[in-house]
Amino acid sequence: QVVAGNANWSTSIFGTSNDYLEARDWTLESGRLFEAAEMAGSAKVAIVGQTTARELFGDADPLDQVIRIKKVPVTIVGLLEKKGQNANGQDQDDVVMVPISTYRNRIQGGAGGKARRVGSITVKVKEGQNMKVAEDNIKDLLRQRFRIQSGADDSFTIRNLTEILQAQEASSQVMTLLLAAVAGISLVIGGIGIMNIMLVSVTERTREIGLRMAVGARGRDILAQFLIEAVTLSLIGGGIGVVIGAVATWAIGQFAGWQVSMTAGSIVLAAGFSGLVGVFFGFYPARRASRLLPIQALRYE
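In structure tokens:
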């Protein structure tokens, strides 16, 4: 929890160094990085992200403003450039960074225990270097530092960007298949509903069909009429779905903070599928109507 005047904001707070910004390819929009003396002396300074600055100070310049972290007054010396959400949907701009010595000695308080531990280490491999080799070297170094005996399990976890991306892609594929299955079931259920409605309509309008045929309408005219009605029903349903989807997309963006959007292509695709569902499930009722005999249709009660 970070406090600035009357404003309170819950954000991510962690101790780090300037090297972390370089490893994450983060740059400053304004202000400066931590100085060597500040890193060594547990100085009460901080670098904040765009979201945190906006929530605490609105449109005002956050530089040289004082915020309180666990009752510790900290002066903002740097403002990060906007990064947006990461692949997990987390807001990378909602962050407060302080020197790691400050975090250990002032915010967490004192030496020993949790305050002295490092939660994670971010490593950036130089361009052209083999990531697997670097990962193995880091693993060997950590096992030495932690005095892990040969054959014993690691007491730490190493994740590289490739593995993270592969896991995210796998999760995305599973979610895509799940949504596709739900959409397919919904289309079938909706199509069956349209077919039932059209069958009832054919039954109730049998005399009307017979009358049209008696005055010259051909079977293909009746077929076209009921197909058009079925497609119209499907398009109306698809339009309602698009509206609901647009509202849901807006709500997710507003309240969940996710970056979601509805493209024109997706709307056209939805309309196309709706039309195809209408044609497919409306063909049988339309064909049945077109094959009615005029005399029998006119006698139908």
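Everything in the sequence shown is counted per the working numbering, starting at 22 for the first residue and increasing by one. We treat Cβ as the ideally placed atom computed from N, Cα and C, and that holds for glycine.
Shown here, residue 83 sits in coil according to DSSP, grouped into three states, outside any helix or strand.
Annotation for residue 145: 44 place their beta carbon closer than 6 Å to its own, counting only its chain and skipping 5 residues before and after. Classified as exposed, residue 290 has fewer than 16 neighbouring CB atoms from the shown chains inside 10 Å of its CB. Per DSSP, reduced to three states, the secondary structure at residue 35 is strand. Per DSSP, the beta bridge partners of residue 96 are 66 and 87.
Under the criterion of beta carbons closer than 8 Å, residue 179 and residue 156 qualify as touching, at roughly 6 Å. With the rule of 3 Cβ pairs closer than 8 Å, the region 109 to 120 counts as touching the region 32 to 50. Counting along the chain, residue 255 sits inside the alpha helix (DSSP H) bounded by residues 240 to 272. When the beta-carbon positions are compared, residue 223 and residue 309 come within less than 7 Å of each other. Burial check for residue 302: the Cβ neighbour count within 10 Å reaches 16 or more, so the residue is buried. According to the DSSP assignment, residue 102 belongs to no alpha helix (DSSP H), since it is labelled neither H nor E. Residue 24 and residue 90 have their C-alpha atoms spaced approximately 7 Å apart.
One thing to note: residue 65 has its Cβ no nearer than 7 Å to the Cβ of residue 98. Per the Cβ contact rule, the region 255 to 268 is in contact with the region 284 to 300 (3 or more Cβ pairs under 8 Å). Using a C-beta cut-off of 8 Å, the region 239 to 255 makes contact with the region 207 to 218, since at least three inter-stretch Cβ pairs fall below that distance.
Per the C-alpha coordinates, the member of 273, 274, 245 and 232 positioned closest to residue 315 is 232. Going by DSSP, residue 117 is part of no alpha helix (DSSP H) but of the beta strand (DSSP E) stretching over 116 to 120. Looking at 54, 51, 311 and 140, the one whose alpha-carbon comes closest to that of residue 245 is 311. Going by DSSP, residue 25 is part of the beta strand (DSSP E) stretching over 23 to 25. In the structure shown, residue 29 adopts extended strand secondary structure according to DSSP, grouped into three states.
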